[in-house]
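Chemist:
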Amino acid sequence: MTYFRKWLHKNIFPDVHESVRRSIALDNIHNLREISIGVILVESVILSLFILQNRHSLNLYLESILSVAFCILVSVYVAVHLTRLKENPEKAAGPLVWENHLLILYFIVLSLWGMVASRRHYIEGSQMITFFIVELVITCFVAMPPKVSFPLLLSVHILFYILIYKVDRAANLNSFNYFAMVFLMWLGTVVRYRTQVKNVTQRLEVERLNRKLDELSKSDPLTGLGNRLAVRNDFPEITGNDVAVMMSDIDYFKRFNDQMGHETGDLILKEVSRQLKEIFPSKSCYRYGGDEFLVIMTNVTAEDFNKRVDKWLLDVQKMQLKGIDLPLRCSAGFITGHPETSQELRDLIHAADQRLYEEKRIHHCHE
Numbered sequence: 001m002t003y004f005r006k007w008l009h010k011n012i013f014p015d016v017h018e019s020v021r022r023s024i025a026l027d028n029i030h031n032l033r034e035i036s037i038g039v040i041l042v043e044s045v046i047l048s049l050f051i052l053q054n055r056h057s058l059n060l061y062l063e064s065i066l067s068v069a070f071c072i073l074v075s076v077y078v079a080v081h082l083t084r085l086k087e088n089p090e091k092a093a094g095p096l097v098w099e100n101h102l103l104i105l106y107f108i109v110l111s112l113w114g115m116v117a118s119r120r121h122y123i124e125g126s127q128m129i130t131f132f133i134v135e136l137v138i139t140c141f142v143a144m145p146p147k148v149s150f151p152l153l154l155s156v157h158i159l160f161y162i163l164i165y166k167v168d169r170a171a172n173l174n175s176f177n178y179f180a181m182v183f184l185m186w187l188g189t190v191v192r193y194r195t196q197v198k199n200v201t202q203r204l205e206v207e208r209l210n211r212k213l214d215e216l217s218k219s220d221p222l223t224g225l226g227n228r229l230a231v232r233n234d235f236p237e238i239t240g241n242d243v244a245v246m247m248s249d250i251d252y253f254k255r256f257n258d259q260m261g262h263e264t265g266d267l268i269l270k271e272v273s274r275q276l277k278e279i280f281p282s283k284s285c286y287r288y289g290g291d292e293f294l295v296i297m298t299n300v301t302a303e304d305f306n307k308r309v310d311k312w313l314l315d316v317q318k319m320q321l322k323g324i325d326l327p328l329r330c331s332a333g334f335i336t337g338h339p340e341t342s343q344e345l346r347d348l349i350h351a352a353d354q355r356l357y358e359e360k361r362i363h364h365c366h367e
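So the sequence shown is residues 1 to 367, counted in my numbering.
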């Protein structure tokens, strides 16, 4: 009994993370759109050929023509709606409640359509494959949760069986094979959904790890600031705007490392970076290398940027770090401009670097 409960929980009522459930829903929407377009194309061709072949006696087949036309119109609505959703990323990022309901509704409508068509074929003595094609196509290409697929499949097959039974007590239908196929079809949806959950879970985890690796590749592990690669990646967003560029470093940083050790040097770098992020937007701050820091702000006035620079330099001087008795101070040089190209932005960074060294020379002359 315990094993059966575990099996039910794992296969019929699985715990699926919301991100996985949403990803499966989006895959279903994509597949449903393709199915609806396929139905439109196939049924339109069939209907056109049928009308051409029977153009002199269409009144005899009016029911069949209207049935196919109805299927095409329903599929057109589904295809148009899902195409609009695909072309609207904001809407696709929102709740997909109607789209999930549309999937079930489309399944029910196509199933009913298939029942009517197959019942007519059964009465005429033809193969009643339309209904079964509908069921197989939907279950093969749409990953429905087992707790949803079971009642849907069972109900539509019971209803179709009743329709056939009312014709001739289902004399030409093997009832055992019929309902065995329902069970096997449902079992297929269980395996399909479980496999889809596993694949999507693995895919999302790989994407998460790739994003993490991408962040690490563009982030300085000690300070959390962007590194040189991050600077280059941000060039397209920065160019074409009014910018202010500051290059700075820590005065006599080598002395801290030599006299107090690299752990103390790391502590200073982290604290100076923390102060930098408090004054400037964190996305505008970079560790350019060693004890050098770069700040690139867009759409800021020179006056405002200058105030930020002065405040940061003052805050650094006021910092009191445990075990550090030597005075701590930074030098900075900044420049403003409007770079239109990456090369022009590099030139501004170089100019800010030159001003930094001018500031350092002035500091040293006054010591």
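Built from N, CA and C at the ideal position, the CB exists for glycine as well.
Please read these numbers as outputs of a predicted model, since none were measured by experiment.
Applying the criterion that 16 or more other CB atoms from any shown protein chain within 10 Å of the CB defines a buried residue, is Pro146 buried or exposed?
Modeler: buried
Chemist: May I have the straight-line CA-CA distance separating Arg33 from His56, to the nearest angstrom?
Modeler: 35 Å
Chemist: Of the choices Leu82, Arg287, Thr239 and His262, whose alpha-carbon is the least far from that of Glu344?
Modeler: Thr239
Chemist: Between Ser44 and Ile72, how many whole angstroms is the CB-CB distance? I'm expecting something under 8 Å.
Modeler: 6 Å
Chemist: Answer yes or no: do Ala143 and Ser67 have a C-beta to C-beta separation smaller than 8 Å?
Modeler: Taking 8 Å as the Cβ cut-off, Ala143 and Ser67 do not qualify as a contacting pair.
Chemist: Tell me the DSSP secondary structure of Leu328 in three-state form.
Modeler: coil
Chemist: How about Val231 and Leu348: do their beta carbons lie closer than 8 Å?
Modeler: no
Chemist: Counting Cβ pairs closer than 8 Å, one from the stretch 205-217 and one from the stretch 242-262, do we hit at least three?
Modeler: no
Chemist: Where does Phe293 fall in DSSP's three states?
Modeler: strand
Chemist: Taking the alpha-carbon positions, what's the Arg355 to Pro281 distance?
Modeler: 22 Å
Chemist: Following the continuous alpha helix (DSSP H) through Met181, name the residue where it begins and the one where it ends.
Modeler: Ser175 to Ser217
Chemist: Taking the alpha-carbon positions, what's the Glu237 to Ser248 distance?
Modeler: 22 Å
Chemist: With a cut-off of 8 Å on the beta carbons, I'd call Val182 and Leu153 a contact; round off their distance for me.
Modeler: Right, the Cβ-Cβ distance comes to about 6 Å (below 8 Å), so this counts as a contact.
Chemist: Can you tell me which of Asp325, Lys322 and Asn241 puts its alpha carbon nearest to the alpha carbon of Thr341?
Modeler: Asn241
Chemist: Is the separation between the beta-carbon of Ser284 and that of Val272 shorter than 8 Å?
Modeler: no
Chemist: Using the rule of at least 16 other Cβ atoms within 10 Å of the residue's Cβ for burial, across every protein chain shown, is Asn227 buried or exposed?
Modeler: buried
Chemist: Specify whether the stretch 82-95 and the stretch 132-142 touch according to this definition: at least 3 beta carbon pairs, one from each stretch, less than 8 Å apart.
Modeler: no
Chemist: Using DSSP with H/G/I as helix, E/B as strand and the rest coil, what is Met246?
Modeler: strand
Chemist: In whole angstroms, what separates the C-alpha of Arg308 from that of Leu222?
Modeler: 23 Å
Chemist: What are the complete beta strand (DSSP E) segments, minimum 3 residues, inside the stretch 58-116?
Modeler: none
Chemist: One question on the structure: do Tyr122 and Met128 come within less than 8 Å of each other, judged by their Cβ atoms?
Modeler: yes
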